[in-house]
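Enquirer: Numbering (our numbering), first residue to last: 164 to 488.
Think of the CB as a built atom: it goes at the ideal place given N, C-alpha and C, for glycine as much as any other residue.
None of the values given here were measured: they were computed from a predicted structure.
(1) Is the separation between the beta-carbon of residue 416 and that of residue 275 shorter than 9 Å?
(2) Would you call residue 173 buried or exposed, if buried means 16 or more other Cβ atoms sit within 10 Å of its Cβ?
(3) Using 8 Å as the threshold, is the segment 394-407 in touch with the segment 259-267, meaning 3 or more CB pairs across them?
(4) Have a look at residue 266 and residue 208 and give me their C-alpha separation to the nearest angstrom.
(5) Assuming residue 297 contacts residue 270 (C-beta within less than 8 Å), just tell me the rounded distance between them.
(6) Please list, in chain order, all residues of the same chain as residue 414 whose beta carbon is under 6 Å from its beta carbon, the five residues on each side excluded.
(7) Taking only the alpha-carbon atoms, compute the straight-line gap between residue 362 and residue 370 and give it to the nearest angstrom.
(8) Starting from the C-beta of residue 181, find all residues in its chain whose C-beta is less than 7 Å away, skip the five residues before and the five after it, and write them out in chain order.
(9) Do residue 225 and residue 219 come within 9 Å of each other at the CB atom, strictly closer than that value?
(10) Residue range of the alpha helix (DSSP H) that residue 342 falls in?
(11) Three or more beta-carbon pairs under 8 Å between the segment 305-325 and the segment 418-434, yes or no?
(12) Identify, in the order they occur along the chain, each residue of the same chain with its Cβ nearer than 7 Å to the Cβ of residue 178, setting aside the five sequence neighbours on each side.
(13) Could you tell me the alpha carbon to alpha carbon distance between residue 360 and residue 352, rounded to whole angstroms?
(14) Could you name the residues of the same chain whose beta carbon sits closer than 7 Å to that of residue 176, not counting the 5 residues immediately before and after it, in chain order?
(15) Do residue 354 and residue 407 have their C-beta atoms closer together than 9 Å?
(16) With DSSP collapsed to three states, give me the class of residue 406.
(17) With a threshold of 16 other CB atoms inside 10 Å of the CB of residue 387, please say whether the residue is buried or exposed.
(18) Which whole runs of the alpha helix (DSSP H) in the segment 250-316 are 4 residues long or more, in chain order?
(19) Taking C-beta to C-beta, are residue 281 and residue 243 nearer than 9 Å?
(20) Report all residues from its chain with a CB closer than 7 Å to the CB of residue 358; omit the five preceding and five following residues, and keep chain order.
(21) Select from 431, 428, 188 and 411 the residue whose C-alpha is nearest the C-alpha of residue 307.
(22) Given residue 398, which residues of its chain have a CB within under 6 Å of its CB, disregarding the five upstream and five downstream residues?
(23) Can you give me the C-alpha to C-alpha distance between residue 223 and residue 216, rounded to a whole angstrom?
(24) So, residue 342 versus residue 334, is the Cβ gap smaller than 9 Å?
(25) Quick check: what's the CA-CA separation for residue 367 versus residue 356?
(26) Under DSSP, the alpha helix (DSSP H) around residue 424 begins and ends at which residues?
(27) Assign residue 396 to one of two classes, buried (16 or more other C-beta atoms within 10 Å of its C-beta) or exposed (fewer than that).
(28) Is residue 428 closer than 9 Å to residue 150 when the C-beta atoms are compared?
(29) Measuring only between beta-carbons, confirm whether residue 315 sits less than 9 Å from chain B.
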């Protein structure tokens, strides 16, 4: 026990440092988001109040409670994906293409929240559908990633290590950087340029933000594709986005798995998590089993000896004549 205590103390120290860094990181993000976004929110609230006041002054025949009721209804409908704007009145959120897009966001746990079921039957079916569908999807994605890792990760690294005589850790680091750069270009930078060209109100930063928020499964829902410049291709556009989300998620998982296989990261995880050496643990387990078996054998022999002694004494007492005789 004493020889394991320094390792446990070191593990606890690293764990406390990691926890402290996480709390500092959370506080840092909280302060930055509050400082950047709160002034814009205050300004937006002020503009809305002024616009509402100006509208009521220009249209004195409209009572304020009726306007509030109309705004409440419009906002509620917008939360369910139904827009009251004239240019969006012909869009449908539950045709086949839109439903496929919704299903892909649910099963991949992205969940934009742009269109949600508003009937009780739809909500109940969404629960049952997700309970079964999400584990199946995660299992399928994991299986696909594991198969791809053999051809995308281990085969190139082994080939370069064998033919170019480079050290395996060096090859693994270079390979992780290369595959990370390829995935970043093919699933973030290039799609962001495509969304900038296809979506009406998106700039490049907004499109890149959408790609990252989607493939990281954060899915805030503030940017949802669909308002394409080509309305005739709207259904094909949504099907293509659903395919992009699934394939991009697989590619991102392959990158994360490649970085996870790096020895430096494995060493860091071992320090934090304190994974014991399997061979050492096996030796300790075998020794404990041997000691336990030896103790059981010794105890059994003593019990047998005691029983034999009792039998011998009983037999001897039975065979000896009594004093009266």
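Expert: In short, the structure shows the following:
(1) Locating residue 416 in the chain shown gives position 253, counting from the first residue. Locating residue 275 in the chain shown gives position 112, counting from the first residue. Taking 9 Å as the Cβ cut-off, residue 416 and residue 275 do not qualify as a contacting pair.
(2) Start at 1 with the first residue of the chain shown, and residue 173 comes out as number 10. Exposed, because fewer than 16 other Cβ atoms sit within 10 Å of the Cβ of residue 173.
(3) yes
(4) Counting from one through the chain shown, the residue named residue 266 turns up at place 103. Counting from one through the chain shown, the residue named residue 208 turns up at place 45. Near 35 Å, if we compare the C-alpha coordinates of residue 208 and residue 266.
(5) In the chain shown, residue 297 corresponds to position 134, counting from 1. In the chain shown, residue 270 corresponds to position 107, counting from 1. So it is a contact: roughly 6 Å between Cβ atoms.
(6) As a position in the chain shown, residue 414 is number 251, starting the count at 1. If we look at residue 414 and ignore the five residues flanking it on each side, its Cβ neighbours are 346 and 350.
(7) Locating residue 362 in the chain shown gives position 199, counting from the first residue. Locating residue 370 in the chain shown gives position 207, counting from the first residue. Rounded to the nearest angstrom, the gap between the Cα atoms of residue 362 and residue 370 is 9 Å.
(8) For the purposes of this step, residue 181 is taken as residue 18 along the chain shown, with counting starting at 1. Excluding sequence neighbours, residue 181 sits near 435.
(9) As a first step, residue 219 must be located in the chain shown, where it is residue number 56. As a first step, residue 225 must be located in the chain shown, where it is residue number 62. Yes, the pair counts as a contact, with Cβ atoms nearer than the cut-off.
(10) Numbered from its first residue, the chain shown carries residue 342 at position 179. Element bounds for residue 342: 331-347.
(11) yes
(12) By 1-based counting over the chain shown, the position of residue 178 is 15. The answer, listed in chain order, is 435.
(13) On the chain shown, residue 360 is found 197 positions in, with the first residue counted as 1. On the chain shown, residue 352 is found 189 positions in, with the first residue counted as 1. Roughly 13 Å separates the two Cα atoms.
(14) What you label residue 176 is simply residue 13 of the chain shown in a count that begins at 1. Excluding residues within five positions, none has a Cβ falling inside 7 Å.
(15) On the chain shown, residue 354 is found 191 positions in, with the first residue counted as 1. On the chain shown, residue 407 is found 244 positions in, with the first residue counted as 1. Going by C-beta atoms, residue 354 is nearer than 9 Å to residue 407.
(16) As a position in the chain shown, residue 406 is number 243, starting the count at 1. Helix at residue 406.
(17) In the chain shown, counting from the first residue as 1, residue 387 sits at position 224. By the neighbour-count rule (16 or more Cβ atoms within 10 Å), residue 387 is buried.
(18) 259-270 and 283-312
(19) Locating residue 281 in the chain shown gives position 118, where the first residue counts as 1. Locating residue 243 in the chain shown gives position 80, where the first residue counts as 1. Result yes, Cβ atoms of residue 281 and residue 243 sit closer than 9 Å.
(20) The count along the chain shown starts at 1 and reaches residue 358 at position 195. Excluding five sequence positions before and after residue 358, the CB atoms of its chain that fall closer than 7 Å to its own CB belong to 365, 370, 373 and 388, given in chain order.
(21) Position 144 of the chain shown, counted from the first residue, corresponds to residue 307. By alpha-carbon distance to residue 307, the top candidate from 431, 428, 188 and 411 is 411.
(22) Here residue 398 refers to the residue found at position 235 of the chain shown. Same-chain partners within the cutoff: 260.
(23) Looking up residue 223 in the chain shown gives position 60. Looking up residue 216 in the chain shown gives position 53. Their Cα atoms are separated by approximately 10 Å.
(24) By 1-based counting over the chain shown, the position of residue 342 is 179. By 1-based counting over the chain shown, the position of residue 334 is 171. For residue 342 and residue 334, no; Cβs fall outside 9 Å.
(25) By one-based count along the chain shown, residue 367 stands at place 204. By one-based count along the chain shown, residue 356 stands at place 193. Approximately 6 Å between the Cα atoms of the pair.
(26) The residue given as residue 424 occupies position 261 in the chain shown. Note, residue 424: premise wrong, no alpha helix (DSSP H); not H, not E.
(27) Translated into positions along the chain shown, residue 396 becomes position 233. The residue in question, residue 396, is exposed, as its Cβ has fewer than 16 Cβ neighbours within 10 Å.
(28) Residue 150 falls outside the range modelled here, since the chain spans only 164 to 488, and no answer is possible.
(29) Checking the listed chains, one finds no chain B in this structure; it contains a single protein chain.
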